[in-house]
Each structure stands twice: as structure tokens, then as C-alpha cells.
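Chains as they are written, first to last, in full-length UniProt numbering: chain A, 1 to 427; chain B, 1 to 427.
In C-alpha cells form, the structure reads like this:
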């Protein structure tokens, strides 16, 4: 797909899930074809996005951020879908977050004006890519992470050899002992901030951390953990502000994945010498899921003392292709099609061919394993015994990111599984 | 990418690994750009295919099959790359194997004339897809698997409602107790073959099984297992031949993944009342790997009493982005970029920026974990202590399939990592 054409590319049967018989057409034409998943119009497996759940998720998360007085810069790596980027921006997102300059380019092409790269940037090819994008898009803001002097020296080495490249906006990353990237101590972070202030290649515009890897689902533990981490973020922000190390009119404070974002949001508001913009970077909320994030959100809801408004919007549909032994049905879906990194897929519903009546999957059904192109649906009860070749089974997912990256397009369906729209991805 | 244009599509920076600054261009133009991975011309991570190893693998596997007197129908699901399909056909493959009708379409578009679908087909949309392809491509042969009466009845139900659709060529699948698809017993298989003979929707053209899921790497066990399974294949082939259940001039006998194909190859030769074409369906051999298949092939080489000619042809390159603690370097590569289903990636080499001298990765280096966009490179020795932000690290893979499906294009490089060619994928 061509970058200029990301919003409405031409699709065809070279992408799985696209009907074999359908002519190539623009993405925007798909919703008018009258296709229905349950009626058998699409080859299986197919990953679908439920329209109403998606719309609800976009709205709820944006309202959550607004209600806490922070902005939302959804992480685009989850979906890498220009259509979903647009929906997130239209819903009121402050901007978008990415992990790489390549992802950033897709986001800017889709219309993002304010972008975070929640990752270290240091290679010439990537620094040049950012400089080129800013030159091509007037007013575009891009801030990336810095966590070491070694990284800064690479940036400075590249910058000094250029003519007229603006300083890069950077966020100082705080990390945790035993964690991933980020300065481990206040002293390291402050020393790096001072060094940033004295250089010409960068401007310090804020502080960043990522709390998601330490989330457990235990509210007591998670609250103590988030409080301690965010206190460190606030302390370094205050110290940088007192020493006038920020070179920006508005200081960015950012944290927040999709697991315990409620525990960090309030900490992103802070009184400093100039305005502070708090930013959550949640990505998985957009489709939510049936597993890991479902459980994390149950804990969020308990902490909030009310329900939450996220609903699982992504399902992968497959057919029973063989019932070779009692208790075992083989489905036409596998590792190439659905997430398996956090846990195996979860059976959620089934339907007999010719029917449009979904039956919720019985609790005895489990996916016992995946091969590249097959899933092992095991069960003990009468509904499993009644499964036949051709029956359709819907699987829920755990971790949206690793299902998104297995599909180049996905139909967007209504509650009757009519295909009403389509999105594409650009991994 | 448009189906008609699979062999030479236009690529651009919407696909990761493509240089940000490069204009969109045809795949075939990439080899002339003078890009070099070590020199930093490509953003990282990037998955590369080593040209000479690829060429050697294509040749060795084809010669292996010829030496055993069987044909090769490489499984296309591994790569889903029209360029690699062409190379496999040009190397002498009998045809290609696929898992779905969607995959098949890409293979036929790439030039395959004889195709196996090593999977059950039964849905109307897929049966119609096969019929349409055969109508559009004179002389195209497509055979798929049948393992149950329920499946056959769905095929017959669709076929009887059509006008003038030729019977489908089908292979009877034999399976194993506790296994995946396939008839569990000789009696089941023979009864199904008899039923196939009496129907008008199908023609039985051969027998299929898949042994790969039961491979252990222990030659004694694997030999006994393969012998027993293949004896069942031969027995049912003989029984079907005696009862004149085959409706074909040439009977196909097919098995063989990339793990213990040497143990099934000889069993695919059989004297029946008409010619028998044995077919191996190995897929992963084309790039081989540094993990699972590397170990399986060591066992194959020991059994053969000589070396084997497969070499790991796929590597994923990343950069060190942070060295936040002693013993830990964070790399710019994650679950979205590299296989992790059979085991985590394996560090194989590193290079300092500005150098073109690769150093083999020390044995103390391991990838301790992956996030979506990050890898944790751990080590204890002096080379790990000397790692700096910006250093390049090459990772080997275990299981080619699940790295291929994370990339839309891959550069093909020479031994100096000059980009000499490119392939695309169409998952």
C-alpha cells in the first residue's frame, strides 16, 4: 500500500479474509457490498472489529482522560491503522504515540499533528526521518525519549553535521531497576537533563515513564507501585523546573498504558512554573480484549467504584474443519491469525451454518493449542459433542496488538455481523 | 498490494524496514539502490534474507527430493512470498502447497500449475474460489484434503447446486490418535474412500498425512513413529488401489514437513496398479533457522551420515537503544518483528557502527524476553559490558513462518549485507 494512499487504499484477494470472488476495490467501498460474516460471504478465518464496541471504547477512553484533566495520545503501535488513528484524533485525542519513526510516518500521513515516540531515537536514518517530516509538515510536533548520555551524543553527532535542523524535542525517560529503558535514579536523570540543557541538538520538553510492565492486577500492589513510580516522575519534573532545564512553554508529563492508567492519571497533573500537559498513552483500549485487558479493566472498574465502558471489539471467526475424536474439534485458524503471546484465544460464541443465532460458547470450551493454521477446540459437554464440520466459532483474544499485526485489513461489523466498513493496517 | 501485481509491486515507507527517505519504487528496483544494512541505510529493525544461503537451501532441498525419487511441493504458508514461490518452482518443484484458498490464489498468481491444499476445504466461498481459479487457469490442478463424511456432504451439497463444475481432486487424510485432522483408523479411511468413489463431487487422487507434529529430534523414536505412520499410509493406498477407488492416472502420496522429511521420503514410493508420485511438502527449509529446524536438521544429517546443505538464511537486525543496567542491553526489536512461538530469538552477531566487521555473539548472550517493540539482551562477559547505544545486533530465529508473517517486504542481502534484491509477502 502506498503511503499517500493509507486512508483509502485498494484492497484485493491477496489479503486474507477478502472474498475470493470480489473485485479489487477501495477500502471505503467495502461497507456497501452487503457482505455478512455469518452468511458465509467471507473466507475464514477473518478478524472482525465490532463497530459499536469500537465507538464506545473511543468515547469512553477520551472521556476518562478528559475527566481526569489529562490528554490522550493513544499508542498507534497497537493497531497501525490510519482509519483508527483518524477516529482517535476525531474523538479528541491530543495526538498519537508511536514506537518507531516508520510508525510515526504513517501517523503523520493519517493526520496527526502532535506525536510522541515513546522510544529512544538515535540513528541517523531515523533522526533524518524526523527532520524531513517536520520540514514537510509545518507545525508538526514530535518528541522522543532520551535516557542516556550515549544516546544524546549520537544525536549531537548527527545534528552538528547538519545545516539548519531545529533541535529535537525530547522527553526524559525514567525507568525502574530491573525494568526496561529509562534512567534508574533521580541523580542520573537530573544529570542527563542538565546535559540536555547545555546542548544544541535537543530541547527538554517533558518527563516520561511507562508503568505497564509492572502491573499485576492486584490493586493494592499496583497502587503502591504506581504511586512510587509517579512520585519519582513528579520529583524529577520539579527539579528540572526549578533548575530551568525545560525549554518549552508547556511541559509534558506522560505515562499510561491500558492496564493501570487510572493509577497514573492523577499524578500527571502538577503545578510547575509553566503549564503542564499530562498525557496518557493507552493503545489497547481501542479494541480492548477478552483476556488480559479484560481482567485489568475489571480491577480499574473496582477502583473507580463504577463500571467501565470498554468492550471487547475484536473477534476472530473460524470454521470447524474436522471433529476427529470425541472432545476435539479442529478450527481453521492458527498462529498466523490470532494472538497467543499472553494467552491462547478464548472461545466466545458459535453458530450453525444457515443460522444467524449466536450461542455463547459453553464454559467447558477451551483452545488447547494452536498450530500455524489450526486451533484445537476442546470441550466435554453436549454442545461440543454437537459441533459439526462447517459450524462457525468466534474466538476472543488476549492482547490486541498481536492480532492486529496478523491482518492487513479487517471488516468492521454491526451486531448482525454485516460488514459496514473496513480498516487497513500498515505494519 | 494488488493480486495481479504480486511479483513486482510498488513498495514505500508504509512498510517497516523501508528507508524513510526513499521514494516509492518497484520491488525489482530495490536491488539497484546501493543500500547496505551495516552502513545504516535501513531503519531498524529489519528482517533480511541472505542470498547465498537461500540459493543453497533451494538447491539442496530440491536435490534431496530428486535423490529420493519424490517430488517437492513446498508449503507456501511459510513465506507467502510470490518471489520465493517462483524460485521454488524454478528450482524444480513439482508444485506448491497451501493451507487456504486465499493462499492458493497468491500461489497460482505467482505461476503455480499444480497445487495441494494440505487442509480440509468445505465452505461454499472456498469451493467456489477453487472452481473459479480452475476455470480461469486452464490445466491448473488443485487437490485438497478430505477426512470426514461430514466434510464430504458439505462439498456434495454445494456441488449438486452448481452447473458444470468438475469434480474436485481430493486426498484422503490419515491422522493419528491424539493428533490433529485426519482419519484415525484404516477402516474409517477406507469407508470414506469408498464413499468418495461413489460420489460425483470428488475424485480421490491420493493419500496424505502430516508427520511433523510428532517429531521429537530423537532419531530412534522419530524413525519408529514415521515408519508406523507411513506404513498406515501405504496400507490405505494399497487398499484403495486394490478396490479401484482412485480416479486418477497418477496417484499422489504426500507427507513431509521440514523436521523429519528424510524419514518419510522413502515411504512415498510404492508399486501400485498405476504410477505413484511421492510428494514432500517442506516449507521451512527455504530459509531454515537458527533454532528448532537447525536442531532437527542436525539429526537429519546424522541419520544421512553426511552433512546437510541447509543454512539459516533469515536474520533480524536491531540496534542497542539503551544499556540501563549492567548485564542488560535493550534492542529495538520486539514481538511485532520476530518469532517467539517456539523459542525466543538467538543473538548471532554484532557490529559497531561505522564498522563492517561482524563479531559472532558470545555464548553468554541471550534474549531474556520480548515486549511488543523491545528485546532484552542479557550477558555477563566483557563483550556485553562493551555494548553501546547504536551497536547493531543480529538475531537468529526459531521458526521461519512466524517471522515471515511480521514483514511485508524483506531485503535480500549478500555476505556484506548489501541489499541485492527484495521479496514481498502477501499474508
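Glycine residues also receive a C-beta, built at the ideal position from the N, C-alpha and C atoms.
ask   = Taking Cβ positions only, does residue 73 of chain A come closer than 8 Å to chain B?
value = No, because no Cβ of chain B sits closer than 8 Å to the Cβ of residue 73 of chain A.
task = Determine which residues share a DSSP beta bridge with residue 75 of chain A and list them.
result = Note: residue 75 of chain A sits in a beta bridge opposite A:97.
ask   = What in chain B is Cβ-close to residue 325 of chain A, meaning under 8 Å?
value = Neighbours of residue 325 of chain A on chain B, chain order: 177, 178 and 184.
ask   = In the structure shown, what three-state DSSP assignment does residue 83 of chain B receive?
value = Here DSSP, grouped into helix, strand and coil, assigns residue 83 of chain B to helix.
message = Tell me which residues share the same chain as residue 154 of chain B and place their Cβ nearer than 8 Å to its Cβ, disregarding the 5 neighbours each side in the sequence.
response = Correct list, in chain order: 122 and 123.
request  = Identify the contact partners of residue 119 of chain B in chain A, using a Cβ-Cβ distance below 9 Å as the criterion.
outcome  = The contacting residues are 321, 332, 373 and 374.
key: Proximal residues to residue 389 of chain B (C-beta, below 7 Å), its chain only, five neighbours per side dropped   = Cβ neighbours of residue 389 of chain B beyond the five flanking positions: 320, 321, 322 and 323.
request  = Check whether the Cβ atoms of residue 21 of chain A and residue 132 of chain B sit closer than 8 Å, and answer yes or no.
outcome  = Result yes, Cβ atoms of residue 21 of chain A and residue 132 of chain B sit closer than 8 Å.
key: residue 28 of chain B, buried or exposed, once every other Cβ within 10 Å from all chains shown has been counted against 16   = The residue is exposed, with fewer than 16 neighbouring Cβ atoms inside 10 Å.
query = Under three-state DSSP, which class holds residue 196 of chain A?
reply = In this structure, residue 196 of chain A counts as helix in the three-state DSSP scheme.
ask   = From residue 286 of chain B to residue 57 of chain B, what does the alpha carbon distance come to, in whole angstroms?
value = One C-alpha to the other measures close to 6 Å.
request  = Determine, using beta carbons only, whether residue 81 of chain B comes closer than 8 Å to chain A.
outcome  = So, not an interface residue.
task = Since I believe residue 147 of chain A is in contact with residue 182 of chain A (beta carbons under 8 Å), could you give me their beta-carbon distance rounded to a whole number of angstroms?
result = Rounded, the Cβ-Cβ distance is 5 Å, consistent with contact.
key: Distance CB(residue 392 of chain A)-CB(residue 38 of chain A) smaller than 8 Å   = Contact flag set, yes.
query = Going by DSSP, what residues sit across from residue 325 of chain A in a beta bridge?
reply = DSSP lists A:328 as partners of residue 325 of chain A.
query = How is residue 168 of chain B classed by DSSP in three states: helix, strand or coil?
reply = Residue 168 of chain B: strand per DSSP, three-state reduction.
message = How far does the beta strand (DSSP E) with residue 414 of chain A in it extend, from its first residue to its last?
response = Unbroken run through residue 414 of chain A: none, as it is neither H nor E.
inquiry  = Let me confirm a value: residue 136 of chain A is counted as buried when at least 16 other C-beta atoms fall within 10 Å, else exposed. Which label applies?
reply    = Exposed, because fewer than 16 other Cβ atoms sit within 10 Å of the Cβ of residue 136 of chain A.
request  = Taking residue 52 of chain A as the reference, give the member of A:100, A:43 and A:288 with the closest Cα.
outcome  = Checking every option, the nearest Cα to that of residue 52 of chain A belongs to A:288.
query = Since residue 303 of chain B is in the alpha helix (DSSP H), which residue starts that stretch and which ends it?
reply = Start and end: 292-304.
ask   = residue 77 of chain B CB to nearest chain A CB: under 8 Å?
value = Answer yes: the Cβ-Cβ gap between residue 77 of chain B and chain A drops below 8 Å somewhere.
message = Please return the same chain residues whose Cβ sits closer than 7 Å to the Cβ of residue 354 of chain A, not counting the five positions on each side in sequence.
response = Cβ neighbours of residue 354 of chain A beyond the five flanking positions: none.
message = If you measure between the beta carbons of residue 196 of chain A and residue 245 of chain A, is that distance less than 8 Å?
response = Yes.
key: Where residue 203 of chain B sits in the DSSP three-state scheme   = In the displayed model, residue 203 of chain B falls within a strand according to three-state DSSP.
task = Report the residue from A:339, A:5 and A:267 whose alpha carbon sits nearest the alpha carbon of residue 372 of chain B.
result = Among A:339, A:5 and A:267, the Cα nearest to that of residue 372 of chain B is on A:339.
query = Of the residues B:186, B:170 and B:242, which one's Cα is nearest the Cα of residue 252 of chain B?
reply = Nearest of B:186, B:170 and B:242 to residue 252 of chain B, Cα basis: B:170.
request  = Compare the C-alpha of residue 65 of chain A against each of A:265, A:97 and A:96 and name the closest.
outcome  = Among A:265, A:97 and A:96, the Cα nearest to that of residue 65 of chain A is on A:265.
query = For residue 346 of chain B versus residue 395 of chain B, is the C-beta distance shorter than 8 Å?
reply = Residue 395 of chain B is positioned such that its CB atom lies closer than 8 Å to that of residue 346 of chain B.
message = Tell me the rounded alpha-carbon separation between residue 67 of chain B and residue 30 of chain B.
response = If you draw a straight line from the Cα of residue 67 of chain B to the Cα of residue 30 of chain B, it comes to about 36 Å.
request  = Name the two residues that bound the continuous alpha helix (DSSP H) containing residue 284 of chain A.
outcome  = Counting along the chain, residue 284 of chain A falls outside any alpha helix (DSSP H), and DSSP gives it neither H nor E.
request  = Helix, strand or coil for residue 112 of chain B, going by three-state DSSP, please let me know.
outcome  = Collapsing the DSSP output to three states places residue 112 of chain B in coil.
key: Three or more C-beta pairs below 8 Å linking the region 216-223 of chain B and the region 165-180 of chain B   = The region 216-223 of chain B makes no contact with the region 165-180 of chain B, as fewer than three CB pairs between them are under 8 Å.
task = Could you pull out every residue in the same chain whose Cβ sits closer than 7 Å to the Cβ of residue 229 of chain A, ignoring the five residues on either side in sequence?
result = Excluding residues within five positions, the ones whose Cβ falls inside 7 Å are 176, 209 and 211.
key: Interface positions of the region 117-150 of chain B facing chain A (Cβ-Cβ less than 7 Å), listed along the chain   = Listed in sequence order: 119, 120, 122, 123, 124, 125, 126, 128, 129, 132, 147, 148 and 150.
ask   = Quick one: what does DSSP say residue 270 of chain A is sitting in, helix, strand or coil?
value = Looking at residue 270 of chain A - three-state DSSP - the assignment turns out to be coil, as it is neither helix nor strand.
query = Does the distance from the CB of residue 118 of chain A to the CB of residue 96 of chain A come in under 8 Å?
reply = Their beta carbons are not under 8 Å apart, which means residue 118 of chain A does not touch residue 96 of chain A by this criterion.
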